[in-house]
Every structure is written in structure tokens, then in C-alpha cells.
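Heads up: the structure comes next, in C-alpha cells.
There are 2 protein chains.
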Amino acid sequence: MTPGALRVLEAAARLFYEHGIHTVGVDLIAAEAGVTKKTLYDRFGAKEQIVVEYLADRDERWRAFLARCLDAAPPAPSARVLAVFDASRAWSEENSPKGCSMVNAHAEISDPSHPAYPIIIGQKQWMLALFTGFAEEITPDGAADLGRTLMLLHEGALVAHGLNIFPDPISHAREQAQTLLATTAAKH
Amino acid sequence: MTPGALRVLEAAARLFYEHGIHTVGVDLIAAEAGVTKKTLYDRFGAKEQIVVEYLADRDERWRAFLARCLDAAPPAPSARVLAVFDASRAWSEENSPKGCSMVNAHAEISDPSHPAYPIIIGQKQWMLALFTGFAEEITPDGAADLGRTLMLLHEGALVAHGLNIFPDPISHAREQAQTLLATTAAKH
DNA sequence: CCTCCAATATACAGATCGGTATACTCATCG
DNA sequence: CGATGAGTATACCGATCTGTATATTGGAGG
Chain G
0 MTPGALRVLE AAARLFYEHG IHTVGVDLIA AEAGVTKKTL YDRFGAKEQI
50 VVEYLADRDE RWRAFLARCL DAAPPAPSAR VLAVFDASRA WSEENSPKGC
100 SMVNAHAEIS DPSHPAYPII IGQKQWMLAL FTGFAEEITP DGAADLGRTL
150 MLLHEGALVA HGLNIFPDPI SHAREQAQTL LATTAAKH
Chain X
0 MTPGALRVLE AAARLFYEHG IHTVGVDLIA AEAGVTKKTL YDRFGAKEQI
50 VVEYLADRDE RWRAFLARCL DAAPPAPSAR VLAVFDASRA WSEENSPKGC
100 SMVNAHAEIS DPSHPAYPII IGQKQWMLAL FTGFAEEITP DGAADLGRTL
150 MLLHEGALVA HGLNIFPDPI SHAREQAQTL LATTAAKH
């Protein structure tokens, strides 16, 4: 990836997240990246491709960040679940003041055949599988249920964070997850 | 409101929700409503006004629908909380396959000075206040916390419903709310 | 009857959209 | 030295965007 292409992707990521995908035009992206439209189209071919790479890159960065957080967390499954919430809080504070970029992109992309669609759905399914995997180690019987509940708390916290409904909703979700894990563990 | 204006609002509501606000142009709205652009601009003045009335109307309809559901629910606060989830499930099944229209609109509207902004934030704050009000009758001490937790479950369920991550997430959230209310009530 | 007004049809303005074309510079590498 | 390729600058294309102008039709109320 050439330096110009990198600047394009950085500018597009910032503008797409901040103002939405359809409101931001390629002229603005090129101008903000300090690059001509020729360069932009030589590297990416179409705006849609920039959208795809924006979401794919964001997905990849989040998974890498989460992996580092989980590496530093204790091995106990409940501690790892809480580490996910901690990671989300740290990530959202400096990367996602307007909520989850995948959810926001989904609001603008209706066509399931859009090349960005599998990235959006893929990240959410991956997160659900992550939670369910931890739940498996805690209660093999109710793993699916527990994983889904953790998913709901987590998604709700991201939305509440983006809408700024009340202060620090991700920490609140973390606490709720903690008591939920405690009562679940007490039963087995 | 003239019949033409009503058709404009109906068409705009359907198109905005399905394809996003910025992707849908006034020409398409006018065509789908069977109305000329002149009529559209005579009634609404600007596209932005159609957006505002779309969201305001949707907000109003949801509150009216919820009010009817709550009127038919038992007076016990925990039953009324569950009635909110039941109402959301019924509403979402036939009105919101792509998730909450307010959250989706928020993804496309970055400027807090946009006239639609207070409608979006207002509905979410109203929902939080509703949950907190019920929580007040259950545990006056932890009302704020309980209200916020219910809000997270509810918002998470709407997102999961829109992304179709797993089947019937709103019912799952309802069940989680039920056990949460049961354990909370048992403490007092 | 006659005025008012919602609505029609059609055309257009100015801007911006995504995307392309042409011609040039400049550094790297074989 | 010569070729390649990343980049710049600028101009353009057709389409679509929001919004406006002009002229006409038809029904309801005073």
C-alpha cells in the first residue's frame, strides 16, 4: 500500500465514521488526504472499494486490539468476559464516540449483496461466538443463552455510548455482566 | 395536512427507513408518492423538514403504540416493564426489521444542531426515564441502575434484531429482564 | 359565479456526485 | 540510460442532487 493510498484510507475512515458514508464524496476524501482523484482511483478503483477497506480495516484493528487485551487478562473465562467490556470501553473512548461503526454502516447499507455486508455481519457473529465460547466454559448447559445475553448487554452499551444517553454505559454493562456471571457461576 | 403531503410522508418514511436518509432523493420520494416536486416543496419547503417530520411521526406512533400496550398491561411495575419488551417485539416485527430508526438516523446525522437531533436523543432519554420510573417502584434505592440496565438490554435487543444476529433477540431480552426483576425484587 | 388553493406538468438552475482522460514530474531500479 | 510506476495538475463527462419557475387544471367555499 502506497503512502498516498494510506492517507486516503485514513481520511476516508475519519470522514465516513464522523459524517456517514453516503454524505462524504470522493472529492472531499481526496482533498483531505492531500491526493488527487486520479491517485485515489488508481489505488482503489471505486468508492465502494474504499468503503469495504474502511470497514475491513476497522474490523481488523478492533480484533487485534481485543486480542492484545485478552492476552493480558487472567485465564478465567469470567475474567476474560469482563476484559472484553474493558477493551470496548477503552476502544470506544478514543475511537467510537458515535457508536459502533459496523452498526452505523449497516444503517446506510440496505442491500445484503453489498460487498461490505459480510464484514458487518461477520464481526457481530464473531463477537457472539466469542461470548458464547466463554459462556461454554462457565455453563455448558446455558452457554447459548448466556452468550446472547452478554451480546445484548455489550451492543446496548455501544449504542448508549454513541447516543450519550447516560455516563459511561460500557462500565455499567460491565458491572451487570459481572453480577450475571457471579449468579450464573453460583448455580453450578 | 393535504392528501398529497400525507403520501409524501408515507413514501419518505418507507424509503428513508429502508435505504437510509441521504441515499433517497426528493425526486424518488415525489415519484413514489405520486406527487410532483412542486407539491412536495409547497408542503415541506425542504428535504430536511421531511426528515424531521418522518422521525417525529415515527416517534409519536411508537409512543402511542406503547401507551396502548401499557394500558392493557397489569399495573404491577415489573409486568409493565415486560410489557415494554412485548410492545417492542410486536412493533419491530412489522415496523423495524432493520433496527431502531432513531439509531439508524443518528448514524447519518452528525451535526447536533440538526433539527432532527433532539427528536432522536429525546426518544432515547424518554425510554430511559420510562424504565427508570418503573424501577423506582421496584427498588427506589437502585432505580437509576436498574433503569439503565433495562435500557441496555432493550437497546441491545433492537440492534441484534436489526442485524439478525440470532433469532428473536427481543424475546430473549425480555426473559433476561424478567429474571433480573425477579432477583431484584427478592432482595427487597 | 368567482375566487382561492391544492395539485398537475414540465422545464430549468446551480451544484455536486462518481468516475475518466490527458499530459506532466520525479524518484527508483535494472 | 531507460523503463516503470507513483504521484500531480487540470479538465471534463453524464448523471443526479436540492430547489425554483411558469403555466395550467379542477374542486370547494363564500
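So the sequence lines, in the order shown, correspond to chains G and X.
According to numbering that gives the first Met the number 0, the first sequence is numbered sequentially starting from 0.
According to numbering that gives the first Met the number 0, the second sequence is numbered sequentially starting from 0.
C-beta: ideal position from N, C-alpha, C; glycine also.
- Interface flag for S95/G against chain X is unset, since no Cβ pair is found closer than 9 Å.
- Between H153/G and chain X, the shortest Cβ-Cβ separation is below 9 Å.
- Residues of the same chain with a CB within less than 7 Å of the CB of Y16/X, apart from the 5 flanking positions on each side, are K97 and S100 in chain order.
- Annotation for G141/G: A134 and T183 place their beta carbon closer than 8 Å to its own, counting only its chain and skipping 5 residues before and after.
- With respect to chain X, the C-beta atom of V83/G has no partner C-beta closer than 9 Å.
- At a beta-carbon threshold of 7 Å, the residues of chain X lying near K123/G are L162 and I164, ordered along the chain.
- Counting only the Cα atoms, R147/X lies some 12 Å from W125/X.
- Closest option to C68/X, judged by alpha-carbon separation, among N94/X, R79/X and P114/X: R79/X.
- Listed along chain X is no residue with a C-beta nearer than 7 Å to that of T183/G; the closest approach is about 10 Å.
- Non-local beta-carbon contacts of T38/X in its own chain, meaning distances under 6 Å to residues more than five positions away in sequence, involve G3 in chain order.
- Distance from the CA of A29/X to the CA of D56/X, rounded to the nearest whole angstrom, comes to 19 Å.
- Proximity of chain G to I120/X at the Cβ level (cut-off 7 Å) is accounted for by L162, in chain order.
- Of all residues in the segment 31-64 of chain G, none comes within less than 7 Å of chain X when Cβ atoms are compared.
- Shown here for T131/G: same chain residues with a beta carbon closer than 7 Å to its own, the five before and five after excluded, namely A142, A143 and G146 in chain order.
- At least 9 Å separates the beta-carbon of H105/X from that of L151/G.
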